[in-house]
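Residue numbers (the working numbering), protein chains in the order written: chain A, 10 to 125; chain B, 10 to 125; chain C, 10 to 125.
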């Protein structure tokens, strides 16, 4: 099977991030890498979770999933609001102008939505 | 770009409302007013947040977004459950028989779903 | 009207379950039983809520909704993670290999998504 899906984070809630990462790992096990498209979009306070200085366990998992094709997007509006710089964030993250707009576009293009 | 999206609230959580309102403001900045369609549906305890007597800051924001075409729907089932009257609610709110049914219909008609 | 919708639970949060069950009851009142399709998918910690030994009030409601065609799915990955056996769970539950995959498939097949 192939899956198109976007996971949405918006709280500074490490548990939600961990759940999302586990969800994605489980989904990858069942997925054709060819047809699948898996995104995580972080806006609001949740952008904190993607700082370079954040706990290393999640960083290793995020990097591993990224090499398997999972895309991690963080919201520029939220970086501005909380005074983070793009360079504070994990290099593998893609900065999008507005996380909410990205969530809309991905769903319109056929992605399922999951809020862990 | 134009966006079709519904934001869902169901807790008496002012932070979720504030996040939703900020999300909508950011989306409007990126949006053609012509083609876009932005809804907020409140059911369960979240209907409390749309009472006239509720804090004025959010009311001003809600009114401003409403003049820009954003639709605010509150659930009649939830009003009944918590003994609120339609007249307790902000006049600009549209009362729908069941918030959940509205969420289904909007998604079926092509709206993305976002739970702040 | 007929409705196609999936409700997603992932926390050990009885309030979210209760809200979801009330949502479904309200939706059934407005729905043609013929065309509608209503699912609840539980993954993560929320699988605890579907154990046989769990509180009886919800069990009665779940059983009643199930006789009306509502499908309750629980995630095998989550059962494994928390060391629950399928036989610990309410007999009416359908065990799916991965709750997240089920959520994707249902949305792809036209179900709206609701996170109570």
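Beta carbons: idealized from backbone N, C-alpha and C, even for Gly.
query, result
"Burial state of residue 95 of chain C (16 or more Cβ within 10 Å)", "exposed"
"Reduced DSSP secondary structure (H/G/I, E/B, other) of residue 36 of chain C", "helix"
"Residue-chain proximity (residue 119 of chain A, chain C), Cβ-Cβ < 9 Å", "yes"
"Rounded Cβ spacing between residue 106 of chain A and residue 16 of chain A (contact assumed at less than 8 Å)", "About 19 Å; that fails the 8 Å criterion."
"C-alpha gap between residue 97 of chain A and residue 24 of chain C, whole angstroms", "37 Å"
"For residue 77 of chain B and residue 67 of chain B, the rounded distance between their alpha carbons", "15 Å"
"9 Å Cβ cut-off: residues of chain C touching residue 36 of chain A", "107, 109, 110, 113"
"Residue 115 of chain A (DSSP reduced to helix, strand or coil)", "helix"
"Strand pairing of residue 65 of chain A, partner residues [DSSP]", "Its beta-bridge partners do not exist; DSSP assigns none."
"Minimum Cβ-Cβ distance from residue 21 of chain B to chain C less than 9 Å", "no"
"Alpha-carbon spacing of residue 81 of chain B relative to residue 54 of chain B, whole angstroms", "15 Å"
"Residue span of the beta strand (DSSP E) that contains residue 20 of chain B, given as start and end", "First-last for residue 20 of chain B: undefined, no H or E at that position."
"Helix, strand or coil at residue 91 of chain C according to DSSP, with G and I counted as helix", "coil"
"Contact check, residue 84 of chain B vs residue 13 of chain B, beta carbons under 9 Å", "no"
"CA nearest to the CA of residue 112 of chain C, picked from A:72, A:32, A:49, A:60", "A:32"
"Same chain only: Cβ atoms within 6 Å of residue 45 of chain C, ignoring 5 sequence neighbours per side", "11, 12"
"Cβ-based neighbour list, residue 59 of chain A, same chain, cut-off 8 Å, excluding 5 preceding and 5 following", "51, 71, 81, 83, 98, 99, 102"
"Alpha-carbon to alpha-carbon, residue 48 of chain C and residue 86 of chain B", "21 Å"
"Residue 123 of chain B - partner residues in DSSP beta bridges", "B:16"
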